[in-house]
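Enquirer: Residue numbers (this note's numbering): 1426 to 1909. By construction, the Cβ of each residue, glycine as well, lies at the ideal position given by its N, Cα and C atoms. Got a structure here, written out as structure tokens. Questions coming.
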């Protein structure tokens, strides 16, 4: 940009690439809108899925959608401007409702009810928040290969959720009907066409495009529920404590384990953001604050009946492409999301969305998470040790949970935690395997010195924050760009 253009805009364009650059708030809005477009659908989809599994009505679901926008904005502001210098990273990290928890929360809601889901999130968030404050003492447990297999398992765990939505939603009387399959297919094909035809960062809007086309198709097919529009107010305040929390030990343990998984993703996203946005390694205080924000704000989210939040990898990818790290620019995204939370019409539109449309758009997203996990495994290095950790954790985690009766010897509480929760099983097995397996693995009776050396090189590369592949930065593969 020329000096004349910069002067015409009324601010120094280079301030966009500085954390604390002074740019006018109005000039910052377009950059905030970019981030909203990249994360808006992904922020609301988990609420719609879990609310459907819990059997919540459209009015309640609409209220929770409002809360999701409010919490995403609050979480982002806390990341940008840390509380007490400890909670929040001070980095341009965009926060939103996490997909990582969807499978386990659907199970908890079905078993204990949505009130127990809220109670488990409150406790689990507080535990992650406290752990975040002391992250330097334990984050060495999360190696690149552990993060990689965890992300892979998250993708696999979500496939059945996406498929159920594609068919019309679990328990729906017209599940698998020709209308639902056709509607889901229209949404899926729309996403694919946009993904193929779009260029550059606009590819991130493929899910939004699929939702719009799917919604229009649903209107013509008479499958949109308009009941919520009649009672929608012009402005309303998200409700505080809409559910009385219930506390069940099994539910709390299951959700807390997934909070540890979420912390793994947050470590990767924060580290990647520091490298691709600021060109440096992440600082210990930034990592600690980022995880603490993840946990404590998730507990606040539960107070509004909402789900846990986490850092959004697609927005890390957007920073990687644009290099815009200005906190004021990112703050406009948070402010707009908070303001949108007071406009019920937005939540009514999304809560009226047929499950089949949501399933058609998210099934490809979940598949991308699996592929992202594979890419992360490759980035960690195909050493004999890493292969063993990946094979062992994925086979036990995904395989055993397909035959849940295999956990019958465990105490009932642990059965409830692990029997249908492949992500928790994969995480536990991967961490244990990473701790007990020797660094130098023997292969066919001979020490695989070459493989061990490759492992050490891969570890050194990750410790130095390996080059972040911006072309592949859509979705959650950013989550382990650097894990020490």
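Pick out whichever of 1765, 1767 and 1784 has its Cα sitting closest to the Cα of residue 1591.
Expert: Minimum Cα distance to residue 1591 is reached at 1784.
Enquirer: Are residue 1737 and residue 1521 close, meaning C-beta to C-beta below 8 Å?
Expert: Contact: yes.
Enquirer: Mind checking who residue 1520 pairs with in its DSSP beta bridge?
Expert: Residue 1520 pairs with 1736.
Enquirer: Compare the Cα-Cα distances from residue 1491 to each of 1744, 1659, 1850 and 1840 and report the closest residue.
Expert: Minimum Cα distance to residue 1491 is reached at 1659.
Enquirer: Count Cβ pairs between the region 1710-1727 and the region 1771-1781 that sit closer than 8 Å; are there 3 or more?
Expert: No, they do not touch.
Enquirer: Rounded to the nearest angstrom, what separates residue 1664 and residue 1825 at their Cα positions?
Expert: Taking the straight line from one Cα to the other gives about 40 Å.
Enquirer: With DSSP run on the structure shown, which of helix, strand or coil describes residue 1508?
Expert: Residue 1508 falls in the strand class under three-state DSSP.
Enquirer: How would you call residue 1445, buried or exposed, if buried means at least 16 neighbouring beta carbons within 10 angstroms?
Expert: Looking at its Cβ environment, which holds fewer than 16 other Cβ atoms inside 10 Å, residue 1445 is exposed.
Enquirer: Assuming residue 1438 is part of the alpha helix (DSSP H), what are its boundary residues?
Expert: Per DSSP, residue 1438 belongs to no alpha helix (DSSP H) and is neither H nor E.
Enquirer: Count the C-beta pairs between the region 1702-1718 and the region 1504-1520 that are closer than 8 Å, then say yes if the count reaches three, no if not.
Expert: Yes: the two stretches touch, three or more of their Cβ pairs being nearer than 8 Å.
Enquirer: Could you say if the region 1608-1622 and the region 1634-1651 meet the contact criterion of at least three C-beta pairs nearer than 8 Å?
Expert: Enough Cβ pairs lie closer than 8 Å, so yes.
Enquirer: If you draw a straight line from the alpha carbon of residue 1440 to that of residue 1754, how long is it in whole angstroms?
Expert: Approximately 10 Å, taken between the alpha carbons.
Enquirer: Rank 1836, 1846, 1561 and 1603 by C-alpha distance to the C-alpha of residue 1828 and give the top, closest one.
Expert: It is 1846 whose Cα lies nearest to the Cα of residue 1828.
Enquirer: Going by CA-CA distance only, name the one from 1575, 1564 and 1554 that's closest to residue 1819.
Expert: Of 1575, 1564 and 1554, the residue nearest in Cα terms is 1575.
Enquirer: Identify whether residue 1444 lies in helix, strand or coil by the three-state DSSP scheme.
Expert: In this structure, residue 1444 counts as coil in the three-state DSSP scheme.
Enquirer: On the DSSP letters alone, give me the boundaries of the alpha helix (DSSP H) that residue 1690 sits inside.
Expert: Segment 1674-1703, the alpha helix (DSSP H) holding residue 1690.
Enquirer: Evaluate residue 1622 with the Cβ neighbour count: other Cβ atoms within 10 Å of its Cβ, from every protein chain shown; 16 or more gives buried, anything less gives exposed.
Expert: That one is exposed.
Enquirer: Got a sec, what are the start and stop residues for the alpha helix (DSSP H) residue 1562 sits in?
Expert: No alpha helix (DSSP H) contains residue 1562, which DSSP labels as neither H nor E.
Enquirer: Assign residue 1789 to one of three DSSP states: helix, strand, or coil.
Expert: The answer is helix: DSSP assigns residue 1789 an H, G or I state.
Enquirer: Would you call the region 1488-1503 in contact with the region 1533-1549, where contact means no fewer than 3 C-beta pairs closer than 8 Å?
Expert: Judged by Cβ distances under 8 Å, the region 1488-1503 makes no contact with the region 1533-1549, as fewer than three pairs qualify.
Enquirer: Indicate whether residue 1475 and residue 1732 have their beta-carbon atoms separated by less than 8 Å.
Expert: Cβ atoms of residue 1475 and residue 1732: closer than 8 Å.
Enquirer: Roughly how many angstroms lie between the CA atoms of residue 1557 and residue 1625, to the nearest whole one?
Expert: Approximately 35 Å, taken between the alpha carbons.
Enquirer: Tell me whether residue 1830 is buried or exposed, calling it buried when 16 or more other Cβ atoms sit within 10 Å of its Cβ.
Expert: Classification of residue 1830: exposed, given that the 10 Å Cβ count is below 16.
Enquirer: Cα separation between residue 1946 and residue 1470?
Expert: Because the chain in this structure spans residues 1426 to 1909, residue 1946 falls outside the shown range and cannot be described.
Enquirer: Let me confirm a value: residue 1709 is counted as buried when at least 16 other C-beta atoms fall within 10 Å, else exposed. Which label applies?
Expert: Exposed: under 16 other Cβ atoms inside 10 Å.
Enquirer: Are the Cβ atoms of residue 1749 and residue 1698 separated by less than 8 Å?
Expert: Their beta carbons are not under 8 Å apart, which means residue 1749 does not touch residue 1698 by this criterion.
Enquirer: With contact counted as at least three CB pairs below 8 Å, one residue from each stretch, are the region 1831-1845 and the region 1557-1568 in contact?
Expert: No contact exists between the region 1831-1845 and the region 1557-1568.
Enquirer: Check residue 1808 in the structure and name its three-state DSSP category.
Expert: Coil, per DSSP.
Enquirer: Quick one: give me the first and last residue of the alpha helix (DSSP H) that residue 1514 is part of.
Expert: Taken as a continuous stretch (DSSP letters only), residue 1514 belongs to no alpha helix (DSSP H), as it is neither H nor E.
Enquirer: Would you check if the distance between the CB atom of residue 1529 and the CB atom of residue 1680 is smaller than 8 Å?
Expert: Result yes, Cβ atoms of residue 1529 and residue 1680 sit closer than 8 Å.
Enquirer: Can you check which of these residues, 1725, 1747 and 1822, is closest to residue 1553 by C-alpha distance?
Expert: Out of 1725, 1747 and 1822, 1725 has the C-alpha closest to the C-alpha of residue 1553.
Enquirer: Where residue 1502 and residue 1752 are concerned, what is the direct C-alpha to C-alpha distance, given to the nearest angstrom?
Expert: The straight-line gap from Cα to Cα measures roughly 9 Å.
Enquirer: In terms of residues, what are the limits of the alpha helix (DSSP H) holding residue 1528?
Expert: Per DSSP, residue 1528 belongs to the alpha helix (DSSP H) from 1527-1537.
Enquirer: Near residue 1840, what residues of its chain come up, given a Cβ to Cβ distance below 6 Å and the 5 sequence neighbours on each side ignored?
Expert: For residue 1840, where only same-chain residues beyond five positions count, the Cβ hits under 6 Å are 1832.
Enquirer: Just to check, is the beta-carbon of residue 1568 closer than 7 Å to a non-hydrogen atom of the ligand PLP?
Expert: Looking at this structure, you won't find the ligand PLP or any other ligand, since it has none at all.
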